[in-house]
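Note sheet for the following structure.
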Amino acid sequence: MVQHEQVVIHTGRRSGLVVIVAIHSTVLGPAAGGLRLWRYRDWRDGLADALRLSAAMTSKFAVAGLPSGGGKTVVVLPEGGPLDPGRRDDVLRDVADVIASLGGKYATGPDVGTGPDDMALISETTPHVFCRPAHLGGSGDSSPHTAQGSLAALRAVGRQVHGTASMDGRRLAVIGLGRVGAALARLLAAEGAHLTVTDVDAGKRGVAEELGAVWSSPDDILGAEVDIVVPAALGSVLTRQNVAGLRCRAVVGPANNQLASPDVADLLHHRGILWVPDYVASAGGVIHAVSTELHHAGADEARTRVLAIENTVHDLLDTARRRGQTPAQAADALATDRLRAAAASA
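Numbering follows the numbering used here, with no gaps: position 47 of the sequence shown is 991.
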């Protein structure tokens, strides 16, 4: 995989906070990736997150076959409570300045800590933004499309493991009931899946009650006896230590950076647990957003691209089986091949 093309580390003149923009690759096209507002122990931890997430975005677009490269923005928030509205606006305007300075090489959208309204404010400074509110001409909240894409990935895994794409009667453990996790849980419940769910916010128990799902503690859910574990919260949920306690046949979900270290993919494979790379399963939201706002595709074409995740995952699993690879190795090879082909033809 290519090294990062450009990394900008900037102290915002209004907020005084560190703004990091990592552009991993523009080989396939201008880079795109979300804006994450998060607290880190040190700004270098934020940098590491931006580098890792932007590289994953490159792979995400390459595997999806889209003409975009990978990027990411991270703002390192101070310790304490939430930002007051005035300082939050200052942060967003500082981010907008950095993106504008890149001259179209990178566009940003929502991620952890941000949403469509934040993109609207950034768009006052630069047009290089996606997922603005629908009433402003944007594609709005991407979480329903991320959930739909994850369901498509789950269907492909169902075909591989159970011989059917139907989720009816399947037992799934959903970890995280934020916007994406809750939307995905609702889709799964509507298809007749039996759900065990959790969230670090105990207030999300209401979602479990709404869906007739079993509530588990975050500490216990990875050991639940289910068909598929569905990570839908923050990353590093799968470690060398807890993989040994998994009692499932597959792990598929929309959370980014699910593996605490790359070798966890091999441990899952050795245990006979199918893991679909997170950058493939979580691609629906950004596929829809960049298709409509950056590539100017119509609604039907954008939806078709999201649903195509099912075929993408099916092909990756088939390739991995034929080559004796893990799905992660098959996905990485596909992304690398497409990047090399694009670079050679440039």
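Backbone N, C-alpha and C define an ideal beta-carbon position, used for all residues, glycine too.
#1: Suppose the cutoff is 7 Å on Cβ atoms and the five residues either side in sequence are ignored; what does the same chain contact list for residue 1020 look like?
#2: Classify residue 1255: buried if its beta carbon has 16 or more other beta carbons within 10 angstroms, exposed otherwise.
#3: With H, G and I counted as helix, E and B as strand and the rest as coil, what does DSSP make of residue 1053?
#4: Can you tell me whether residue 1175 is helix, strand or coil according to DSSP?
#5: Looking at the unbroken beta strand (DSSP E) that takes in residue 1073, where does it start and where does it end?
#6: Select from 1052, 999, 955, 953 the residue whose C-alpha is nearest the C-alpha of residue 976.
#7: With respect to the beta strand (DSSP E) encompassing residue 1138, which residues constitute its N-terminal and C-terminal limits?
#8: Within 10 angstroms of the Cβ of residue 955, are there 16 or more other Cβ atoms? Answer buried if so, exposed if not.
#9: Would you call the CB atoms of residue 982 and residue 1018 closer than 8 Å?
#10: Can you give me the C-alpha to C-alpha distance between residue 1126 and residue 1151, rounded to a whole angstrom?
#11: Kindly indicate if chain D contains any beta-carbon less than 8 Å away from that of residue 1193.
#12: Among 1065, 1048, 1044, which one has its Cα closest to the Cα of residue 1054?
#13: Does the structure place the stretch 1235-1249 close enough to the stretch 1094-1103 that three or more beta carbon pairs sit under 8 Å?
#14: So the beta strand (DSSP E) residue 997 belongs to, where does it begin and stop?
#15: Please state whether DSSP places residue 1058 in a helix, a strand or coil.
#16: Mind checking whether the beta-carbon of residue 976 lies closer than 7 Å to any heavy atom of the ligand ADP?
#17: What did DSSP end up calling residue 1270 once you bin it into helix, strand or coil?
#18: If you draw a straight line from the C-alpha of residue 1075 to the C-alpha of residue 1235, how long is it?
#19: Just to confirm my understanding: we take residue 993, look at its own chain, exclude 5 residues before and 5 after, and list those with CB closer than 6 Å. What are they?
#20: Return the chain-ordered list of same chain residues with a C-beta closer than 7 Å to the C-beta of residue 1069, the five sequence neighbours on each side being excluded.
#21: Over the uninterrupted beta strand (DSSP E) stretch that includes residue 976, give me the two end residues.
#22: Near residue 1171, what residues of its chain come up, given a Cβ to Cβ distance below 8 Å and the 5 sequence neighbours on each side ignored?
#23: Once the 5 residues before and after residue 1174 are set aside, which same chain residues still bring their CB inside 6 Å of it?
#24: In three-state DSSP terms, what is residue 1239?
#25: Per DSSP, residue 1191 forms a beta bridge with which residues?
#26: Secondary structure at residue 1119, three-state DSSP: helix, strand or coil?
#27: Which one or two residues does DSSP pair with residue 1017 in a beta bridge?
#28: Can you say whether residue 1248 is buried or exposed, counting buried as having 16 or more other CB atoms within 10 angstroms of its CB?
#29: Specify the secondary structure class of residue 1257 as computed by DSSP and reduced to three states.
#30: Can the beta-carbon of residue 1003 be found closer than 8 Å to that of residue 1233?
#31: Which residues in the same chain have their Cβ closer than 6 Å to the Cβ of residue 1016, if we skip the five residues on either side of it in sequence?
In brief:
#1: Excluding sequence neighbours, residue 1020 sits near 961, 962, 984, 987, 990.
#2: So residue 1255 ends up on the exposed side.
#3: Residue state, collapsed to three classes: strand.
#4: DSSP places residue 1175 in strand when its eight states are reduced to three.
#5: Membership of residue 1073 in any beta strand (DSSP E) is not indicated, and neither H nor E is assigned to it by DSSP.
#6: Per the Cα distances, 1052.
#7: Looking at the DSSP string, the run of the beta strand (DSSP E) that includes residue 1138 is 1138-1142.
#8: It counts as exposed.
#9: Closer than 8 Å, so yes.
#10: Cα to Cα, residue 1126 sits roughly 7 Å from residue 1151.
#11: Although the question refers to chain D, the structure presented lacks it and comprises just one protein chain.
#12: If we check each option's Cα against that of residue 1054, 1065 comes out closest.
#13: Because the criterion of three Cβ pairs below 8 Å is not met, the stretch 1094-1103 and the stretch 1235-1249 do not touch.
#14: Element bounds for residue 997: not the beta strand (DSSP E) but the alpha helix (DSSP H), 987-1008.
#15: Residue state, collapsed to three classes: coil.
#16: Of the ligands one can find in the structure shown there are none, so the ligand ADP has no counterpart to examine.
#17: Three-state result, residue 1270: coil.
#18: The straight-line gap from Cα to Cα measures roughly 11 Å.
#19: So the list reads 1018, once near-sequence residues are dropped.
#20: Closer than 7 Å at the Cβ level, and outside the excluded window around residue 1069, lie 1037, 1040, 1041, 1044.
#21: That run of the beta strand (DSSP E) goes 975-983.
#22: Leaving aside the five residues that flank residue 1171 on each side, the residues in its chain whose CB is nearer than 8 Å to its CB run, in chain order, 1105, 1106, 1114, 1115, 1116, 1192, 1193, 1194.
#23: The residues are 1116, 1118, 1197.
#24: Three-state DSSP puts residue 1239 in coil, outside helix and strand.
#25: Residue 1191 is bridged to 1169.
#26: Residue state, collapsed to three classes: strand.
#27: Paired residues: 965, 979.
#28: By the beta-carbon neighbour count (other beta carbons within 10 angstroms, threshold 16), residue 1248 is exposed.
#29: When DSSP states are grouped into helix, strand and coil, residue 1257 belongs to the helix group.
#30: No, Cβ-Cβ distance for residue 1003 and residue 1233 is not below 8 Å.
#31: 966, 977, 994, 997, 998.
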